[in-house]
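Heads up: the structure comes next, in structure tokens.
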Amino acid sequence: AALAGLAVALSLLAGFPQVTLYGLVLVAAFWFFRAGRRAIVGLAVCGLCAFLLSSLQLFAVADTLPLITRQSLTFASFNENFLPPANLLAFLVPNVLGGLHQIPSYALNGELVEVFTYCGLAPLLLALLAPRTRDVWFWLAALALSLFLTLGITIVQSVLFHVPVYNLFRAPARHLHEAGLALSVLAAYGLHHRRRVPWAIAALALGLAGAFYAAFHLPVWVSPTLSG
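The numbering used here puts the sequence shown at residues 1081 to 1308.
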């Protein structure tokens, strides 16, 4: 719990509370999933250590709260920079439908730094090898939910826009943070379970073929704001 608190503190000191919140919610959910009520003690220790180690940063932010205007965030700003479903293919082929540095892109405003989906092929292959245990089902559900949230579906976002604290943040595509975390955990489980290697390789090859095929048939938008 203390080491987890150190990790949270380092995330807070990095100055990006949205990523910290998303990751902490996912980890806390898994903690309760594994330990039940006992997770309360661990999370309390984690929170205390995180607070003490990042207190200078937190007090500085608290001092500037009256000057922060995030509470006036509009729904349009809240939902901008979502991930179009077709760009999930970029899990298989990086920038298959566009990206940074004068490459054709789906984002009309050019803000693409936080919507890069590619994690490498080895994690995908290892994730396919993960045994279907209770823990693995949790992380599969977390992966599916985080990817669903990246899509910025209007009816879903209109509900989430009224959730306190959560509605202070924007860019649904940033939920790729949790997707990457879930995929890395699934890859770790799969590393120790190699019985289905031929099936996993075949599935990955099929996905790659589909991604390359789609790259020649799906529309690509060019953003004039991107630069080298």
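Yeah, the Cβ is synthetic: ideal placement off N, Cα and C, and Gly gets one too.
Values in this document were obtained by computation on a predicted structure and should not be read as measured data.
DSSP-derived helix/strand/coil call for residue i
i	result
P1097	helix
N1161	coil
P1203	helix
R1214	helix
T1144	helix
Y1198	coil
S1135	helix
L1208	helix
L1172	coil
A1082	helix
L1153	coil
Buried or exposed (CB count within 10 angstroms, at least 16 for buried), residue i
i	result
Y1102	buried
S1134	buried
A1251	buried
Y1186	In this prediction, Y1186 scores a pLDDT of 48, lower than 50, which makes its location untrustworthy; the coordinate-derived value is nonetheless stated afterwards. So Y1186 ends up on the buried side.
H1242	exposed
R1114	exposed
A1289	exposed
T1144	exposed
W1219	buried
A1282	exposed
G1260	buried
T1213	exposed
Q1182	Because the pLDDT at Q1182 is just 49, under 50, the model does not fix this residue reliably, and the point stays unresolved.
G1200	exposed
G1232	buried
Cβ-based neighbour list, residue i, same chain, cut-off 6 Å, excluding 5 preceding and 5 following
i	result
H1273	L1209 and P1211
E1258	Y1102, L1106 and S1226
A1294	L1169
C1129	A1082 and G1085
A1280	L1205, L1208 and L1209
I1173	This sequence places Val at residue 1173; Ile is not what is there. Closer than 6 Å at the Cβ level, and outside the excluded window around V1173, lie A1291.
Beta-carbon proximity list for residue i, same chain, < 7 Å, skipping 5 on both sides
i	result
P1203	L1263, S1264 and A1267
V1125	A1081, A1082 and G1085
P1244	none
V1049	Here the chain comprises residues numbered 1081 to 1308, so residue 1049 is not present and cannot be evaluated.
V1216	A1210, L1266 and Y1269
H1255	Y1102, S1226, L1229 and T1230
A1222	L1106, E1258 and A1262
A1108	L1123
Proximal residues to residue i (C-beta, below 8 Å), its chain only, five neighbours per side dropped
i	result
Q1137	L1092, L1093 and G1095
W1111	A1119, G1122 and L1123
T1234	N1159
F1155	Q1237, S1238 and F1241
Cβ of residue i within 8 Å of any chain C Cβ
i	result
G1116	Judged by its chain identifiers, the structure shown contains no chain C, having just a single protein chain.
Residue i Cβ short of 7 Å to the ligand NAD heavy atom set
i	result
L1225	Among the ligands in the structure shown, none appear at all, so the ligand NAD cannot be discussed.
What are the uninterrupted segments assigned as alpha helix (DSSP H) that are 4 or more residues long and contained completely in the stretch 1084-1130, given in chain order?
Taking only runs of at least 4 residues, the alpha helix (DSSP H) segments lying wholly in the stretch 1084-1130 are 1097-1115.
Would you list, in sequence order, the uninterrupted alpha helix (DSSP H) runs of no fewer than 4 residues that lie entirely inside the stretch 1225-1290?
1234-1240 and 1256-1270, all fully within the stretch 1225-1290.
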